[in-house]
Each structure stands twice: as structure tokens, then as C-alpha cells.
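Protein chains in written order, with the working numbering: chain B, 307 to 503; chain P, -2 to 250.
All residues carry an ideal CB built from backbone N, CA and C; glycine is no exception.
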Amino acid sequence: MIALVDYDAGNTRSVLNALKRLGVEATLTSDAEVLLSADRVLFPGVGHARSAMDTLQAQGLEAPLRDIKAPFLGICLGMQLMCAYTEEGHTTGLGIVPTKVVRFEEDASRPVPHMGWNHFESIRPRSPLFKGISLEDNVYFVHSYYAEVDDATDVVSHYGVEFAAAIRHDNYFGVQFHPEKSGDVGLKILQNFLDLH
Amino acid sequence: MLKKRIIPCLDIKDGRTVKGIRFVDIQDAGDPVEQAQAYSLAGADELVFLDISATVEGRKTLAELVARIAETIQIPFTVGGGIQSVEDAKRLLDAGADKISVNSAAVRRPELISELADKLGEQCVVVAMDVKRNPEEAFSWTIVVDGGRTQTELDAFEWAQEAERRGAGELLCTSMDHDGTKSGYDIGFLQSLRQKVSIPIIASGGAGTPEHFAEVFDEGRADAALAASLFHFGELEIPTLKQFLKTKGFPIR
């Protein structure tokens, strides 16, 4: 069973639609037991980090989300919440990776949010999520904050600075971009996630 | 490198695509879901749907339409037209829209932008503004509302800055002077606007040739360029346009 974390942080419909396109039905749930027993857990999210963490806390989901044994995929805000800390609302995240999330500095040549299609600067060899994906492939980003590059970084992209486009720790994966909105490239990455074993 | 986006825009009325010039002479132009899929396959980077239905029935149709579009395409899309409240916006986002755009309602009640940004996140709030050159004063543009029918005295740059301050994630700027003319985007306006705000700008109004897109990305410094009739009637195919821009050295997906 594929579970999607339901914590009122948007765009679950798009992720469900993308999974459906891959022939997979997913369950939208905020039940800790269901999440802990799922074969895959997807953790999408858009919006503000602080209100999202407040909701997770109120739902009692912080501890269970740190305890998932199956492959787990955080998307966009979901990935940022997997980090230790985000500058957005000075919020403490789930701390699955020790990474820090900071805001892009805006300047005249680089509007913020970083919005639109961008490619990858480097992909860690043998990263299972990016099997068959090349540096020339483009994916869709929308974010004003970014995870700093560190040991947890699997894929690096560039927008004025280098930032983590994807992170990994054991069974936990996170992507800053929206695979569900990134055409065929995004579907391939989701398929790679479903194919993990 | 972040790519320059090419965005076809579809005007929707009662669930059908329609087209008109300068917001008048409305004619039926087909099924939005089929067109969305065709544009997506042709390499459109994003789509914008603007609902111009005047009735409650027409608005209901919109949420159903958005759900069908979201099931069909795998690229981001924005929906606008008649959004007056967080509830209106949430209904469309829940149906599968990635962003919503507000125009006249935000001019009348600017708090709407703050409410949308707070509740739904800045990344999904597009503020659409229709601007007209001020004939009385050089380098001055004012805001027009109600689909081009009502002239206000609101200065376009002041409004853009207020929208940004209130949490707009992006601006969609249509030049009423250039819209439908196929004479090129309003480069002067866009250049000035770029110096006033630091959120992404989608240029709209006036596209007629591939060179106009090169001009709006280069001199106009736009992040994205929108066009409607040029694409609908096959006057310019998106793959041809993108190839042209690539050979000119622009970052294009």
C-alpha cells in the first residue's frame, strides 16, 4: 500500500494524479499506524514550513514520520521539513537529515522564488531515484528557501548558489522539485521510487 | 540554469476555450482539455487558464474542468478569473490547479493577496495586472480592471510593489496597448517593472513573431512569456519557437 501523508499542506491531488498515471492507487492518510505499515510513504507539501510543522505536531505525526522503515519520499516543502532547521519561520524540522534550509538572496538578475524548469549540476553515482536521469533533464521548481549542500545531498542544482535538489538518508529520500509536475522526467523519478526495494 | 518559460494562455467561458481580441469579439475555440494536452506535448512549460464566465453555473464548471486538466497534463498550470476569496482559490487548488491568479478583486481589496499568501503559500499566488500607458505622462502606466473595461488611477509600479509586499509569488503583466496587436511586448514597461520588483514576471500582450519572444527575454528581462491567439491558430508552433530561441542562446527547456 502506497500512503500519502495528509497534513493539509496542499497539492496532494497532483501527486495522486501522477501516481495514477503510473498505474498506482495511493491512500491519503494522517493515521500513524497506516503510515508505519505502508510499503511506500510520500510526503508532499507546499506552503509555509511553520504552519506545516504545527499541523504535524497537532496530528501527532512527528515521531511516526521519523520512524518509517519503508522507502519515504519528501517533495518540495516535504523535503525541507525532513531537514533539521529552516529559516522559514525559524522552524525546527523533523531532523531526519542534519541539513539547514535557508532563503535565496534575491537580486535583480535572479527573482525569488526560484520558479520554473531547471536542470542538475551533479548527480551522485548510483543514486537509485535518478537512474536513467541525465544532467540535461529539466524538472520544475518553485521555492524561496533551499537546503544547503552537505553529506546528505544526492543531487545538486544551481540558482545563484548551489543547493540540494535531492537528499537521501537510508530509506529517506527528498526532492526539492515537483516530480508530479515535471512531465516524463518527473514520472520516471516517481517510477524509480516505486521500484525501490 | 533556470529556463525561460513559454506559456500558452486559454480563455475559458462555460467550460469551453474562447478567443477574442482585446477582450471583445468572443468566439468558440475548442475543448480546453484537448488543447492543454496538445500544448503540453508540444513543449509548453506551463499553462494559464483565465475563466471569463459571468455566471455561477459557469464557475462551477470551472472546478470540474480544472480537475480534468489536472488528470491529463503533467506540467504546472495557473487558473484565474473571478477569485474573490481564499475559499474560491482553495476549491481550484484542491481540484488540481498549481497556482491561482487574481486581478480586479485584488485591486479592489488588496488584503486578498495577503490572505491567499498566508493561507495557501506565496508560491501559488499569481497577481495578474492589466496595464495601460498613461497618455499624460512619460514612463507611466496605470492599472485597468474588469477585463479591460474600467480604467483606474492606480500606478502600475506602485501596485506591483504592493502585490509583492503582500506576498504575490509572481506577476502576470498584460499590456492593454499591445494586446492583440502582434507588434511585440511592451518592453519599456517590463524593463521599468524589473527594476521595481524581485519576484518573477510573466510578460503578456503583443507577441506576433519569434523575435518578439527573444526581445522580451533579452531587453524586457521577463522570466516567462505568455501568448494566446498566436498559438491557438497555429500561427506559431511552440517547438519552432523554442528551437529559434535555443539557437539564439536563450536557456530553453
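The distance from the Cβ of residue 396 of chain B to that of residue 118 of chain P is about 17 Å, inconsistent with a contact at the 8 Å cut-off. When C-alpha distances from residue 320 of chain B are compared across B:489, B:499 and B:503, the shortest belongs to B:489. Annotation for residue 36 of chain P: the continuous alpha helix (DSSP H) segment containing it runs 29 to 39.
The Cβ atoms of residue 63 of chain P and residue 86 of chain P lie no closer than 8 Å to each other.
Per the Cβ contact rule, the region 424 to 439 of chain B is not in contact with the region 392 to 412 of chain B (fewer than 3 Cβ pairs under 8 Å).
Collapsing the DSSP output to three states places residue 363 of chain B in a helix. Taking a Cβ-Cβ cut-off of 8 Å, the neighbours of residue 444 of chain B in chain P comprise 0 and 250, given in sequence order. Residue contact with chain P for residue 324 of chain B: present (Cβ-Cβ distance below 8 Å to some residue of chain P). Nearest to residue 49 of chain P by alpha-carbon distance, out of P:81, P:65, P:187 and P:11, is P:11. Put simply, the CB of residue 117 of chain P is near chain B, with a gap under 8 Å to one of its CB atoms. In the structure shown, the three-state DSSP call for residue 121 of chain P is helix. Put simply, the CB of residue 319 of chain B is near chain P, with a gap under 8 Å to one of its CB atoms.
According to the DSSP secondary-structure assignment, residue 6 of chain P is paired through a beta bridge with P:45. The beta carbon of residue 494 of chain B sits closer than 7 Å to those of 438 and 439, all from its chain and outside the five residues before and after it, given in chain order. The C-beta of residue 375 of chain B comes no closer than 8 Å to any C-beta of chain P.
The residue among B:316, B:332, B:313 and B:312 with its C-alpha nearest the C-alpha of residue 496 of chain B is B:332.
Within the region 372 to 453 of chain B, the runs of beta strand (DSSP E) at least 3 residues long that lie entirely inside it are, in chain order, 378 to 381, 406 to 409, 420 to 424, 445 to 449 and 451 to 453. Interface annotation, residue 477 of chain B: not in contact with chain P, CB-CB separation never under 8 Å. Selection P:127, P:74 and P:97 evaluated against residue 152 of chain P yields P:127 as nearest (Cα-Cα).
Only exposed fits residue 208 of chain P, as fewer than 16 other CB atoms lie within 10 angstroms of its CB. Less than 8 Å divides the Cβ of residue 203 of chain P from the Cβ of residue 172 of chain P.
Around the CB of residue 363 of chain B, fewer than 16 other CB atoms lie within 10 Å, so the residue is classed as exposed. In the DSSP annotation of this structure, the continuous segment of the beta strand (DSSP E) that includes residue 151 of chain P starts and ends at 147 to 152. Beta-bridge analysis with DSSP links residue 110 of chain P to no other residue.
Between residue 135 of chain P and residue 170 of chain P, the gap from beta carbon to beta carbon reaches 8 Å or more.
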